[in-house]
Amino acid sequence: PLVVAAASRFLLFFLMQITVTEEPDMLFQKVVILVKGHDRAVLDSYEFFATMAAKELGITIGKVFEPPKAIERLTLLKSIHIFKKHRVQYEMRTHYRCIELYNITGCTAQVYLEYIQRNLPEGVAMEVTKTAMEKIPDHILEPLWKEIPTDDKPSQ
């Protein structure tokens, strides 16, 4: 009885904090998720995870593709002072994965992005670009003039 009373008090307290607004939810036409990392296998695994999570939430997945990798090379001398012929070359490869999601609401996007960001592996970065759909403002919707002005003079 004591546990049930505590649980019901907690549930009542939790329900009192929920607020319902009449504000309409945002609609994103496209959400592009760009994931960057140095290990291709980790990106393959994360791409599978992110697309599977999107399918489970009923999100429309567009293209999933791999943009070209970026290679940054650094050439240094082996010796500090002399022997210019003897050099060593280092390179850093950055692999990318891009996931495009279409027609997603703001609440769904927030939940999905928070979920995949919390499960982001070590050494992987993420960029999110959202393209929102908005109503056309009234001052743009109405034309500046009602009729097209006509000239009484014939053109020569």
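Numbering-wise, the sequence shown is residues 1 to 156 according to full-length UniProt numbering.
We treat Cβ as the ideally placed atom computed from N, Cα and C, and that holds for glycine.
Sub-9 Å separation of I71 and R93 beta-carbons: Position 71 of the sequence shown, counting from 1, holds the residue named residue 71. Position 93 of the sequence shown, counting from 1, holds the residue named residue 93. Yes, the pair counts as a contact, with Cβ atoms nearer than the cut-off.
message: So if DSSP puts R87 in a beta bridge, which residue, or which two residues, is it bridged to?
response: Counted from its first residue, the sequence shown places residue 87 at position 87. For R87, which the question treats as bridged, DSSP gives the partners L77.
task: Mind checking who H95 pairs with in its DSSP beta bridge?
output: Residue 95 sits at position 95 when you count from the first residue of the sequence shown. For H95, which the question treats as bridged, DSSP gives the partners G37.
Among G58, F83 and I33, nearest to Y46 - alpha-carbon criterion: For the purposes of this step, residue 46 is identified with residue 46 of the sequence shown, where counting begins at 1. Out of G58, F83 and I33, I33 has the C-alpha closest to the C-alpha of Y46.
task: Let me know if L43 comes out buried or exposed under the rule of 16 or more other beta-carbons within 10 Å of its beta-carbon.
output: Against the sequence shown, residue 43 aligns to sequence position 43. With 16 or more other Cβ atoms within 10 Å, it is buried.
task: Helix, strand or coil for L57, going by three-state DSSP, please let me know.
output: Translated into the one-based positions of the sequence shown, residue 57 becomes position 57. Of the three classes helix, strand and coil, the one that applies to L57 here is coil, per DSSP.
- prompt: Would DSSP call L27 helix, strand or coil?
  reply: Position 27 of the sequence shown holds residue 27. Residue state, collapsed to three classes: strand.
Beta-bridge partners of A125, as assigned by DSSP: As a position in the sequence shown, residue 125 is number 125, starting the count at 1. Paired residues: K36.
- request: Tell me, please, which residues DSSP counts as bridged to I104.
  value: The residue given as residue 104 occupies position 104 in the sequence shown. Its beta-bridge partners are F28.
- request: Report the residue from V35, Q110 and V128 whose alpha carbon sits nearest the alpha carbon of H95.
  value: Translated into the one-based positions of the sequence shown, residue 95 becomes position 95. Measuring from the Cα of H95, the nearest candidate turns out to be V35.
query: So what's E72 in DSSP terms, helix, strand or just coil?
result: Sequence index remark: in the sequence shown, residue 72 carries index 72 (1-based). In this structure, E72 counts as strand in the three-state DSSP scheme.
task: Taking all protein chains shown into account, decide if V111 is buried (16 or more other Cβ within 10 angstroms of its Cβ) or exposed.
output: Here residue 111 corresponds to residue number 111 of the sequence shown, with the count starting at 1. In summary, V111 is exposed, with fewer than 16 beta-carbon neighbours lying within 10 Å of its beta-carbon over all protein chains present.
task: Please name the residue, chosen from F49, H81 and Y102, that lies closest to M133 on a Cα-to-Cα basis.
output: Taking the first residue of the sequence shown as 1, we reach residue 133 at position 133. Per the Cα distances, Y102.
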